[in-house]
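Enquirer:
Protein chains in written order, with my numbering: chain B, 1 to 290; chain P, 291 to 1052; chain W, 1053 to 1212.
1) Any C-beta of chain W sitting closer than 8 Å to the C-beta of residue 943(P)?
2) Any chance you could list the beta strand (DSSP E) runs of at least 3 consecutive residues sitting entirely within the region 222–257 of chain B, in chain order?
3) Rounded to a whole number of angstroms, what is the C-alpha to C-alpha distance between residue 1062(W) and residue 1126(W)?
4) Can you find a CB in chain P that lies within less than 8 Å of the CB of residue 1054(W)?
5) Is residue 132(B) helix, strand or coil when you go by DSSP?
6) Should residue 1061(P) go down as buried or exposed, given a rule of 16 or more other Cβ atoms within 10 Å for buried?
7) Taking 8 Å as the cut-off, does the region 401–420 of chain P touch the region 456–476 of chain P (at least 3 CB pairs, one atom from each stretch)?
8) Would you call residue 294(P) buried or exposed, if buried means 16 or more other Cβ atoms sit within 10 Å of its Cβ?
9) Entirely within the region 827–869 of chain P and at least 4 residues each: give me those alpha helix (DSSP H) ranges in chain order.
10) Note down, in chain order, every chain P residue with its Cβ under 7 Å from the Cβ of residue 191(B).
11) Measure the alpha-carbon distance for residue 1014(P) versus residue 240(B) and round it to whole angstroms.
12) Less than 8 Å between CB atoms is the rule here; does residue 585(P) satisfy it with respect to chain W?
13) DSSP on residue 292(P), reduced to helix/strand/coil?
14) Check the Cβ-Cβ distances between residue 267(B) and every residue of chain P, and say whether any is below 8 Å.
15) Which residues share a DSSP beta bridge with residue 278(B)?
16) Within the same chain, show all residues whose beta-carbon is closer than 6 Å to that of residue 952(P), passing over the 5 residues directly before and after it, in chain order.
17) Nearest CA to the CA of residue 656(P): which residue from 553(P), 721(P), 893(P)?
18) Which of the residues in the region 305–317 of chain P, read from start to end, lie with their CB under 9 Å from any CB of chain W?
19) Applying a beta-carbon distance threshold of less than 7 Å, which residues of chain P neighbour residue 49(B)?
20) Quick one: using the 10 Å Cβ neighbour count with 16 as the cut-off for buried, is residue 447(P) buried or exposed?
21) Using a threshold of 8 Å, state whether the C-beta atoms of residue 721(P) and residue 924(P) are closer than that.
22) For residue 1150(W), which three-state DSSP category applies?
23) Can you tell me which of 816(P), 550(P), 852(P) puts its alpha carbon nearest to the alpha carbon of residue 840(P)?
24) Nearest to residue 113(B) by alpha carbon, out of 129(B), 75(B), 229(B), 139(B)?
25) Buried or exposed: where does residue 374(P) fall if 16 or more other Cβ atoms within 10 Å of its Cβ makes it buried?
26) With DSSP as the reference, label residue 1013(P) as helix, strand or coil.
27) Assuming residue 902(P) and residue 717(P) are in contact, meaning their beta carbons sit under 8 Å apart, how far apart are those beta carbons, in whole angstroms?
28) Which residues in chain B sit within 7 Å of residue 1033(W), going by Cβ to Cβ distance?
29) Determine the burial state of residue 630(P): buried for a count of at least 16 other Cβ atoms within 10 Å of its Cβ, exposed for fewer.
30) Considering only their Cβ atoms, is the gap separating residue 1154(W) from residue 632(P) smaller than 8 Å?
31) Using a Cβ-Cβ cut-off of 8 Å (strictly less than) and excluding sequence neighbours within five positions of residue 196(B), which residues of its own chain qualify?
32) Under 8 Å between C-beta atoms, does residue 292(B) make it to chain P?
33) Under 8 Å Cβ-Cβ, which residues of chain P neighbour residue 1149(W)?
34) Just to confirm the assignment, what range does the alpha helix (DSSP H) spanning residue 313(P) have?
35) Use the C-beta contact count for residue 326(P): other C-beta atoms within 10 angstroms, 16 or more gives buried, fewer gives exposed.
36) So which residues on chain W does residue 780(P) lean against when the C-beta distance must stay under 8 Å?
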């Protein structure tokens, strides 16, 4: 790595003022796990890093909002999510996903905001949050805005974030919470070793009452170039009882509607099969928690 | 009292590793840790093309970086060493690329700087112009390709069986071992059954966790090399040859090795650090990254064509083996791998008619060399998969088919060497007993199908080789062993101390073992191929016996009865009037070997001892995804008598789990010669969650009569059976046979689809 | 680019220290090169193998991916802190008794992570040990022995 200017603002306005939309050499750094990898590989040689660690006090919290949404601070660490009682209560799917996300040391350092801003399609958190209808809160020099995960992650390592914007938090609406009767599961499938970037991540969430699924969300990660909703599969699942025939049909629909990518973890054809199979497994895993 | 009677049995004791406290406190010394004042750090600029002539190298931008000491290219090296080519089998590898580059990743230039970050940054500014040449990557293609990696073959004088290749042009074949026994073609023509298959293995890398690291320190009239090597004596010899210096001006020392697995044998980055240090007249350290390791050395990819004739009653009457070893751009020790393992390509079976062609082949890929098993795992993969296919086709139980054909004590191996102290059948018996092979087996239901498989392999040790040892007994009865066997995690220091203590009649804890330092530790061929317990074990035994003779004489002279270290101390005191003096015991051992006949490839003595390992696997396949869960892994080896049973157990299990990685996930993936996954993020080695649900290991109660205290090497035997046992179990579970490693879930799933006539369409 | 451009102050294994660093230096480099503590090592360089494990403010981190500048004002612990006045911790002792290392290069990381695990979960099952330690790699594959050692240490009364 080569030296750079390292600035450590203590407030959000200070931090925003130090970033620049025009200068690709200036980057914000939270936990820095992904950034460090890119810097060590000399893929990235920033001239200035703006550390967001000073904002951890204000942007690192996990709390319920007045309208019953679960707020995850942009600088909350993934292990904070993992161990949060609020998360376990409101969105246990996140708690379970964390235990198999990278490793303990990464989770201790990596942040919610970083996990979204990096936009590596193999990351686990984006599809999970997408399946929970999460809204991403973004602050920039002109104020704040909110995006869905789908709006935020625009492509392969691409986001709608400007270089002078910071993810301040994520909100999971009350309607996506456990208390609202929403069931959710995230399954990931690795193909080379148990601990690996996944070949596929499937996040599902749905309402379940009278033994009937409704308002289903299916989001595919890792096997695609960005987290991808599978709306045909969602439609088949909704108003079904989650029976084997439906799951098979939904799996087939998913396989047909999603554009799978070939990479080191597997061919598109194989990932399509993994997705076909894991949709049903994910739905069953979610049902098992009811 | 019988001189050889001892107080407490040291052989067979699970003495805790002597370096235990150092390793758990983080204080164990590794070369990785060395810091020297004034040291320069070197960072490499590497070729980005697979084959080409170097037109120019532009180092100006790198030189201009503040803090850069110098930038060195192959031509600069030549100012110091006129013929800067090294290698144990062929003098084919330039210290830095000269005139040509032969693989993506080949070192072309080095930046030296006090700050490693500066050196790394500057190395990134170097550019080179090449005249690109066509390249060849596949071993079978390269065997007959008009594209030649080297213009002319330059065998080192070390190996007589390479002499005929000297000066040869127009070929990529760096060794062509042939065995001709009987008449295989006649058997194929008349046999009841003939089976023929082709198997493949992939390139893999050792990834020792202490990546290659060496530091060269020029002195007034000598040089000291601190290096993480398995072969200090050979490093000294080769550096002395390159520099034209006497050996005694080259000092090579090591510390604990952070893993070796065959990666750190012979010379690797030492010639480079030595040349850089001599050019810079300052100490130079090179510490490779994990990524860079992949460009240094790996394990041969292979293509193995195997054909067997089988009689109506299920006996193998003939076997023909054609093995193509992908040696990469530089031979390293590859030709030895191709020949020594080539010897046993037919497997542990009694076969009257045998033909072997085992060829080491240059390609434009990173070099391949020794890797835990020295080529054997690639061979066992093929012949034990083949053997299983035959048994199943003939409706003979795979265990029974093996027992029917297995080599027994006194049998002649196809090379002509007799089997001695080789418990093949007992290994099979123990595996099957532990697995309950004759018991009903739960085959699973629905999308989860279970199967089991076994496999067994054999290795001829590397011979002839020599070990020397020196035991220094101090006046208080404690002893220091000077030996060049390198403890890279296999526990050799502890085991060697046990041998000394056994002979002297002291306790193992009273014996210390020095780290290798060629100024004081005597010659040893090197720590490779599981040779140390046998060869160095004998040398250490002899050195200790020599010391003991002198100690007994000292006791006799001073009228003290020889019992233990207390009596030794008393004798010294009486003789010298105080706690003073030393006794030096020396010993050396050379294994016997008879070179293979040039025409037939046969020999009465290809090995001083046989290594045998087998594995049984029970697994479950997810038929919807191809994922495999290994439910149970049973590893049984004949390691002779276990000097330290706990160390032996760990060696068996470590070897087997390492081979499991090579079987299921590890693969260096190349795209037109460019490695696409040189990192542990994309080259996946097994972690805790990849382990079998249950693993059990057994070292037979056996004795190697020719070995020290009945012992022999064990570092590799656990690898032998793993890959084919897994493939055989997969076949048993789902009726899908795979011919190429690694056995990834996708490969298995594709096999499932193909078997039902619906191949997975991309 | 060689010049150290800031000074950090932190607690290292209980003692207050300060170091002149460059912004591009990792905490691992500082702990090793400035303070000569060699227990943590760089191997994979990507936070996957755990050889570089350090404890910062009570949490494990990969030292090779952690900017030294971020350690300013923190409490840093290395494997060298585990043995107190030469007395090995029960985990260290269990690792020796179970032969839970071979080459030893990854051992510091396994020890620190196991210590963290036992602090959070004093009696972990084999599955819990496998999960927690899955981010540490051992190329010698001494995994079964590590699991045995962690369980052995867990079974003994705390005497650290």
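Here a beta-carbon is modelled for each residue, glycine too, at the ideal position from N, C-alpha and C.
Here the structure is a predicted model, which is why all the values come from computation and not from measurement.
Expert: If we stick to the structure as given:
1) Yes, residue 943(P) lies at the interface with chain W (some Cβ there is under 8 Å from its Cβ).
2) The region 222–257 of chain B is shown to contain no whole beta strand (DSSP E) run of 3 or more residues.
3) Approximately 5 Å, taken between the alpha carbons.
4) Per-residue confidence for residue 1054(W) stands at a pLDDT of 49, beneath the threshold of 50, marking its modelled position as unreliable; no derived number is given.
5) If DSSP states are grouped into helix, strand and coil, residue 132(B) belongs with coil.
6) For residue 1061(P) there is no data in the structure shown, the boundaries of chain P being 291 and 1052.
7) Contact fails: fewer than three Cβ-Cβ distances are below 8 Å.
8) Confidence at residue 294(P) is low in this model, with a pLDDT of 42, below 50, so the placement of that residue should be treated as unreliable; the coordinate-derived value is given next. With fewer than 16 Cβ atoms within 10 Å of its Cβ, residue 294(P) is classed as exposed.
9) As far as the region 827–869 of chain P is concerned, its whole alpha helix (DSSP H) runs of at least 4 residues are 855–866.
10) Those are 1034, 1035, 1036, listed as they occur along chain P.
11) Near 46 Å, if we compare the C-alpha coordinates of residue 240(B) and residue 1014(P).
12) No, its Cβ sits nowhere closer than 8 Å to a Cβ of chain W.
13) Because the pLDDT of residue 292(P) is 41, which lies under 50, any placement of that residue in the model is unreliable, and the question is left without a value.
14) Output row for residue 267(B): interface = yes.
15) Bridge partners of residue 278(B): none, in fact.
16) Here the set comprises 494.
17) Checking every option, the nearest Cα to that of residue 656(P) belongs to 553(P).
18) Residues are counted here when their Cβ sits less than 9 Å from a Cβ of chain W; for the region 305–317 of chain P these are 306, 307, 309, 310, 311, 312, 313, 314, 315, 316, 317, given in chain order.
19) The contacting residues do not exist; residue 49(B) stays about 16 Å from chain P at best.
20) So residue 447(P) counts as exposed.
21) Pairing residue 721(P) with residue 924(P) gives a Cβ-Cβ distance under 8 Å.
22) Three-state result, residue 1150(W): helix.
23) Closest option to residue 840(P), Cα to Cα, is 852(P).
24) Among 129(B), 75(B), 229(B), 139(B), the Cα nearest to that of residue 113(B) belongs to 75(B).
25) Its Cβ being crowded by 16 or more others within 10 Å, residue 374(P) is buried.
26) Residue state, collapsed to three classes: helix.
27) The Cβ separation is near 6 Å, so the contact holds.
28) This structure leaves residue 1033(W) out entirely; chain W is present only between 1053 and 1212.
29) Buried, because 16 or more other Cβ atoms sit within 10 Å of the Cβ of residue 630(P).
30) No, the Cβ-Cβ distance between residue 632(P) and residue 1154(W) is not below 8 Å.
31) Excluding sequence positions up to five before and after residue 196(B), its CB lies within less than 8 Å of the CB of 190, 265, all in the same chain and listed in chain order.
32) Nothing can be reported for residue 292(B), as the shown portion of chain B is limited to 1 through 290.
33) At a C-beta separation below 8 Å, residue 1149(W) has these neighbours in chain P: 306.
34) Looking at the DSSP string, the run of the alpha helix (DSSP H) that includes residue 313(P) is 310–314.
35) Classification of residue 326(P): exposed, given that the 10 Å Cβ count is below 16.
36) Near residue 780(P) (Cβ distances below 8 Å), the residues of chain W are 1154.
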